[in-house]
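Contents: one structure, followed by commentary.
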Amino acid sequence: MSLKTTSDTIPQDPESQLEVLKRGTIDIVGEEELLEKLRRSCRENMPLRVKLGLDPTAPDIHIGNAIPIHKLRKFQELGHQAVLIIGDYTAMVGDPAGVNKTRPMLSREEVMANAGTYLQQARKILDLSRTEIVYNSQWFEKMGFSEILRLASKMTVARMLERDDFSKRYAARIPISLHEFLYPLMQGYDSVMVRSGVELGGTDQLFNLLVGRDLQRDFGQEPQVALTTPLLEGIDGNKKMSKSLGNYIGIIEEPAQIFGKAMSIRDELMKKYFVLATDLDDERIAELLSPDIHPRQAKAELAKAIVRRYWGEEAAEQAAQEFDKVFKAHELPEEIPEVVVPRGELKDGKLWIVRLLVLAGFASSNSEARRLIAQGGVYIFPYSGVKLLRPRFPEAEAHQYRVTDPNDEIPIAPVVAPQILKVGPRRFARVVVKD
RNA sequence: GGGGAGAUUCCCGAGUGGCCAAAGGGGACAGACUGUAAAUCUGUUGGCGAAGUCCUUCGGAGGUUCGAAUCCUCCUCUCCCCA
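For the first sequence, the working numbering assigns the number 375 to the initial residue and increments by one for each residue that follows.
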């Protein structure tokens, strides 16, 4: 996907820049300062240095933590210098912001592996050729203990405990490890090291961003402006979208996957997703959310818009069609993964259905497979020409394909005409025999 | 350093000798219904080719007992109070 280069249509005067940048923010600490910085930048033709830190704590960037990245992109479009910090050191600590327990410390290897995939993904949003990319191990690795002490002396325990997440944990008697107190200082020190003029982050980052301001002052630098963006709820609808909760939509997930996950959010969440996770303008969003539009359709537009943002128009269109096909018309999806059955598993050309479910990865044990069957969630039918699978469509006679007996032995057809195994509404596999 | 409380299944959390593969909630999965992987309702949620006076699981290692998540000893980790 190519990134839009809109810089020539973009307002260059500081006031309009500020206007553009303010859209979709929660706090700007130092808004006056920001305007001043923008003015100076115009006057002296010096781009602002805009910092965003990404901690590679998991392999995926999701549409929630992509929000500040898009904001960084905005700055980039306005001609400012994006500074992307890959927090390979901070990732080892784990940001305590908004978390109610100590995060497991990651190993160097895990972090580095994630860092690689992060850049791959950030490419989808940022123009990396115009982005300064820095790893914070660069300075933390060689930092001596005396320097760490000096840094730590700049923060008080009382101030730390003012933080909501820490004070809650403290009140609830949930352990707080000392190294977690170091995190904001590390992030703040990053700002000093890259001489950041503006730092971006989700609202839960406000404290960390403010520490950056303080530290910069201590180190004789002009303090950065802190600009925060909203947090997005995960697809479960109540908790913040996060990797560890597994309630996220990753930006490099398959379009079909993104589409489906977006369709699974509750209706009330649509507005927020429209605003924060798509490129649609306010007018269009209002239109889609009006009572004239069926929520189902609005949500499909939402899902499409999210896919479009990361995979382009064509992928979005395809994902939408695919979804309708499977969930509205109850037909087979376009792409069905194979489950390979080793010939040795067969007895007289037959395979125990329970075994097949396990081989396909649809059940982790025979017992679970039996349960699925007992619940009526398992179907097996020939590949050719079966329109699924609904009692409401009598011509399909769907239920003749439902597996009802966990002791069934399924004859496995030759490779040319494989069978389709379906579990639940959306898990499919094509059964293939190989030696 | 002294005293007290605690660690339970994917998560939270009940359980203080057998009725415990372990309440309840969350999550997840399945079914019904539908507008969809929304909402709602129902069910399932350790393993074993389903079966048993079976095996594994209540922080770890031992012990008491016919029998231990539950009692004892030591260990690891956490929280609280005092210093």
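From the three backbone atoms N, C-alpha and C, an ideal C-beta is built for every residue, glycine too.
Nothing here was measured: the structure is a model prediction, and the numbers come from that model.
| said: Residues in the same chain with beta-carbon distance under 8 angstroms from L493, minus the five sequence neighbours each way, listed in chain order, please. | reply: I460, L502 and I507
| request: Classify H444 as helix, strand or coil using the three-state DSSP reduction. | output: helix
| message | Considering just the uninterrupted stretch of the alpha helix (DSSP H) at P665, what are its terminal residues? | response | Secondary structure note for P665: it is in no alpha helix (DSSP H), with a DSSP letter that is neither H nor E.
| query | Run through DSSP, which three-state label would T431 get? | reply | coil
| Are the stretch 634 to 643 and the stretch 608 to 619 touching, with three or more C-beta to C-beta distances below 8 angstroms? | yes
| field | DSSP bridge partner residues for E708 (one or two, in chain order) | value | In the DSSP secondary-structure assignment, E708 is not bridged to any residue.
| Option nearest L556 by Cα separation, candidates L412, L654 and T476 | T476
| said: Taking the alpha-carbon of R700 as reference, which of F633, M567 and Q450 has the nearest alpha-carbon? | reply: Note that residue 700 is Val in the sequence shown, not Arg. Of the candidates F633, M567 and Q450, the one whose C-alpha sits nearest the C-alpha of V700 is F633.
| query | What span of residues does the beta strand (DSSP E) with K340 cover, start to end? | reply | Given that the chain is displayed from residue 375 to residue 809, the structure contains no residue 340 and the question cannot be resolved.
| task | Drop a sphere of 10 angstroms on the beta-carbon of P430, count the other beta-carbons inside from all chains shown, and report buried for 16 or more, exposed for fewer. | result | It is buried - the Cβ of P430 has at least 16 other Cβ atoms within 10 Å.
| Using 8 angstroms as the threshold, is the stretch 554 to 569 in touch with the stretch 524 to 532, meaning 3 or more CB pairs across them? | yes
| query | Any contact of the stretch 570 to 578 with the stretch 591 to 606, i.e. 3+ C-beta pairs under 8 angstroms? | reply | Proximity of the stretch 570 to 578 to the stretch 591 to 606 meets the contact definition, three or more beta-carbon pairs being nearer than 8 angstroms.
| query | In the structure shown, what three-state DSSP assignment does T652 receive? | reply | coil
| task | Look at the alpha carbon of I435 and the alpha carbon of M486, and state the distance between them as a whole number of angstroms. | result | One C-alpha to the other measures close to 15 angstroms.
| For F755, which residues of its own chain have a beta-carbon under 7 angstroms away from its beta-carbon, when the five flanking residues on both sides are left out? | For F755, where only same-chain residues beyond five positions count, the Cβ hits under 7 angstroms are Y775, Q793 and I794.
| field | Where T602 falls: helix, strand or coil (DSSP) | value | strand
| Identified DSSP bridge partners for H436 | In the DSSP output, where bridge partners are listed per residue, H436 has G624.
| task | Mind reading off the beta-carbon distance from L720 to V805? Whole number of angstroms is fine, and I expect it under 8 angstroms. | result | Rounded, the Cβ-Cβ distance is 11 angstroms, inconsistent with contact.
| Local conformation of K617 per DSSP, three classes | coil
| Span separating the alpha-carbon of K396 from that of G404 | 12 angstroms
| request: Keeping to the same chain, check which residues put their C-beta closer than 6 angstroms to that of L731; ignore five residues upstream and five downstream. | output: By the criterion of a C-beta distance shorter than 6 angstroms, L731 is surrounded in its chain by A737 and A743, once the five residues flanking it on both sides are discounted.
| query | Looking at the unbroken alpha helix (DSSP H) that takes in V394, where does it start and where does it end? | reply | P388 to K396 is the span of the alpha helix (DSSP H), which, as asked, contains V394.
| From R801, A690 and S741, residue whose alpha carbon lies closest to that of N781 | It is S741 whose Cα lies nearest to the Cα of N781.
| query | What is the DSSP secondary structure of R533, reduced to helix, strand or coil? | reply | helix
| field | Backbone CA spacing between I710 and K678 [nearest angstrom] | value | 21 angstroms
| What residue range is occupied by the uninterrupted beta strand (DSSP E) comprising V777? | Counting along the chain, V777 falls outside any beta strand (DSSP E), and DSSP gives it neither H nor E.
| query | Between which two residues does the alpha helix (DSSP H) carrying R800 extend? | reply | No alpha helix (DSSP H) holds R800; DSSP gives it neither H nor E.
| said: Would I443 and I499 be called neighbours here (beta carbons separated by less than 7 angstroms)? | reply: Yes, the Cβ-Cβ distance between I443 and I499 is below 7 angstroms.
| Cβ shell of D653 (< 6 angstroms), same chain only, five flanking positions each side left out | R683
| Less than 7 angstroms separating the beta-carbons of V797 and G751? | yes
| message | From the DSSP secondary-structure annotation, give me the bridge partner or partners of V811. | response | Residue 811 lies beyond the stretch modelled for the chain, which goes from 375 to 809, so this question has no answer here.
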